[in-house]
Amino acid sequence: MFGLATRPSNFDSYLLGIAIMNLLLYLGWYITFKFVSGEGINIVTLLLILFTSVIWGFALYFFKQHLTTWEETPAESREHNKNASCGLSLTIMTFGTSCRPWPCSHLFWREKEREEKKERKKEREEREIEKKERERREREREEKNERREERGRMRGERKRESTRRERERERRERKGEREEREKKER
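In our numbering, the protein residues as written are 1 to 186.
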């Protein structure tokens, strides 16, 4: 209703306001009904609610700085950058610009990148092993086919050899029979 009655200055702040109000209303409803039903709130749940509130606070802090906007080019947006800091007063975290929380994120993402690199390396090694295994199986299959063909050739040669011997024996027998007939006829 508020959005219909007034025109928001920018749409992203308007949507953020709606989202945060919905979350706050739900949080209030949850806490209220926990007490109404007589259950009370568990310590872990209370800690999670507090942690969520802190995260929302940081999100609002970075969002409400309005140091960047989609309406400007990146060069125009850089003109609004402040001194290098992450919004934290720790000396080890004085790097990047305060326009975004992302310069701090490299502390957390480097480990993730290392893990992803290890996973990619492991996947490459596994693919290489699978490739070698496929090549080995293919070689074994080819060798098996060659042995089968060789056995087939040898069987064929043996069969031809036995056929040749059989024919030779038959010729000798016929020759012997002819010679016997010729002897009888003489």
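In this text, a Cβ means the ideal position worked out from N, Cα and C, and glycines have one as well.
Nearest-angstrom Cβ-Cβ length linking residue i and residue j, presumed shorter than 8 Å
i: Phe63; j: Leu16; result: 6 Å
i: Gly28; j: Lys34; result: With 8 Å as the limit, Gly28 and Lys34 do not qualify as a contact, their Cβ atoms being about 11 Å apart.
Distance, residue j Cα to residue i Cα
i: Tyr26; j: Thr73; result: 37 Å
i: Ile55; j: Ile129; result: 45 Å
i: Glu166; j: Glu149; result: 25 Å
i: Arg169; j: Arg134; result: 51 Å
i: Thr163; j: Arg151; result: 18 Å
i: Lys144; j: Glu179; result: 51 Å
i: Glu123; j: Lys112; result: 16 Å
i: Tyr30; j: Ile49; result: 11 Å
i: Val44; j: Ser53; result: 14 Å
i: Thr6; j: Met21; result: 17 Å
i: Phe11; j: Arg120; result: 40 Å
i: Gln65; j: Thr32; result: 33 Å
i: Phe51; j: Asn42; result: 14 Å
i: Arg114; j: Ser37; result: 48 Å
Coarse secondary structure for residue i, derived from DSSP in three states
i: Arg167; result: helix
i: Asn42; result: coil
i: Asn10; result: coil
i: Arg186; result: coil
i: Glu72; result: coil
i: Ser37; result: coil
i: Ser89; result: Unreliable positioning characterises Ser89 in this predicted model, as indicated by a pLDDT of 45, which lies under 50. The coordinate reading is nonetheless provided below. Coil.
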